[in-house]
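Position one of the sequence shown corresponds to residue 1 (full-length UniProt numbering), numbered consecutively onward. Using N, Cα and C, we set each Cβ at its ideal position, and we do this for glycine too.
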Amino acid sequence: LIYDSFAQYLVTEKGYDEDLLTLAPDSLDFCCKGLVLDIEEGNFLKLAEDGTVLRASHGTKSMTSEELLETFGRREWKHFNTISGMVSRSAQYYLYDNYFDLPGALLCARVVDSLDQHDDQKKYDFWKDMVAAIQHNYKISAFKEDCGTYFPEVKNHPDKYLQRCPESVKKWLKQLKSAGKILLLITSSHSDYCRLLCEHILGNDFEEYFDIVITNALKPGFFSHTPNQRPFRTL
């Protein structure tokens with residue numbers, strides 16, 4: 001659904017190839033948390049802890065050992081210190097560090113494939129369109145306004161995408177609270193979408209299972225930024 005939401009926007013609003021709307025199920029294997037997109041080069045990298053390039057692809061096409069050596073030399077990515085310094089979303093690179101936008105990596109890779117096929121580009125300028133697709137589907141007002149594809153689809157067909165929580169898990173959560181544990185729900189989703197999910201999964205009384213519910217957390221920065229960078233607002 002995430003892939004389809006972004007692809008629909010690129011095709012209908014930005015004029016990208018309609019082939020992007022057709023997705024082979026096994027192509028989702030491309031998605032892997034921690035991928036780094038080099039936006040201008042159209043390359044996707046999987047890095048080790050020290051910045052060594054473990055594997056890479058241009059678009060969806062995996063690079064051979066020879067291509068890795070030619071592109072990265074000793075397989076050390078020269079921009080690693082920049083991106084490891086939490087500059088994960090910039091005009092040059094994008095770090096796919098959460099599952100909510102991970103299918104976008106596959107879409108971007110297929111966009112690179114498509115541009116190579118039709119234009120044989122050396123540098124790529126599709127990222128602004130991808131950001132527009134993300135904003136169109138996920139902006140704060142999108143849920144209320146039924147904007148885009150993603151939220152309307154989940155709202156209209158929740159059972160297709162959401163699995164209700166077993167009673168055993170609900171009982172376990174209650175036992176934890178009874179034992180004096182503090183239960184927190186922390187999500188990067190906005191409050192209205194969080195409520196839809198939790199009411200469907202846990203029930204209308206979902207707030208009783210948690211001592212604190214934090215929405216729009218913008219993880220992982222929520223855990224690393226100072227309080228003045230991430231102020232709390234009570235809703």
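Short Cβ contact (7 Å threshold) for residue i with residue j
i: V11; j: L20; result: yes
i: A142; j: S188; result: no
i: residue 240; j: L54; result: Since the first and last residues shown for the chain are 1 and 235, residue 240 lies out of range.
i: F222; j: R233; result: no
i: H190; j: I134; result: no
i: I201; j: L162; result: yes
i: I39; j: Q92; result: yes
i: P152; j: D146; result: yes
i: L183; j: D205; result: no
Close Cβ partners of residue i (< 7 Å) along its chain, the five nearest in sequence each way excluded
i: G42; result: H58, G59, V112, Y124
i: L102; result: C31, K33, Y96
i: A7; result: L20, L21, L107
i: E207; result: V213
Neighbourhood of residue i by C-beta distance below 8 Å, restricted to the same chain and skipping five residues each side
i: Y150; result: L1, I2, S5, N137, Y138, A142
i: S88; result: Legend: pLDDT at S88 = 46, less than 50; position of this residue unreliable, value from coordinates given subsequently. If we look at S88 and ignore the five residues flanking it on each side, its Cβ neighbours are Y94, L95, D97.
i: L176; result: L183
Nearest-angstrom Cβ-Cβ length linking residue i and residue j, presumed shorter than 8 Å
i: K14; j: D129; result: 5 Å
i: L196; j: K155; result: 7 Å
i: A105; j: L37; result: 7 Å
Contact set for residue i: own chain, Cβ-Cβ below 6 Å, skip 5 residues either direction
i: residue 236; result: Residue numbering for the chain in the displayed model covers 1 to 235; residue 236 lies beyond these limits and cannot be assessed.
i: C165; result: I201, L202
i: residue 240; result: Residue 240 lies beyond the stretch modelled for the chain, which goes from 1 to 235, so this question has no answer here.
i: E67; result: none
Every unbroken beta strand (DSSP E) inside the segment 71-155 [3 residues or more]: 93-95
Below 8 Å, how does it come out for the segment 26-36 and the segment 160-179: are there three or more Cβ pairs, yes or no? no
Entirely enclosed beta strand (DSSP E) segments - the segment 18-59, minimum 3 residues: 36-38, 43-47, 53-58
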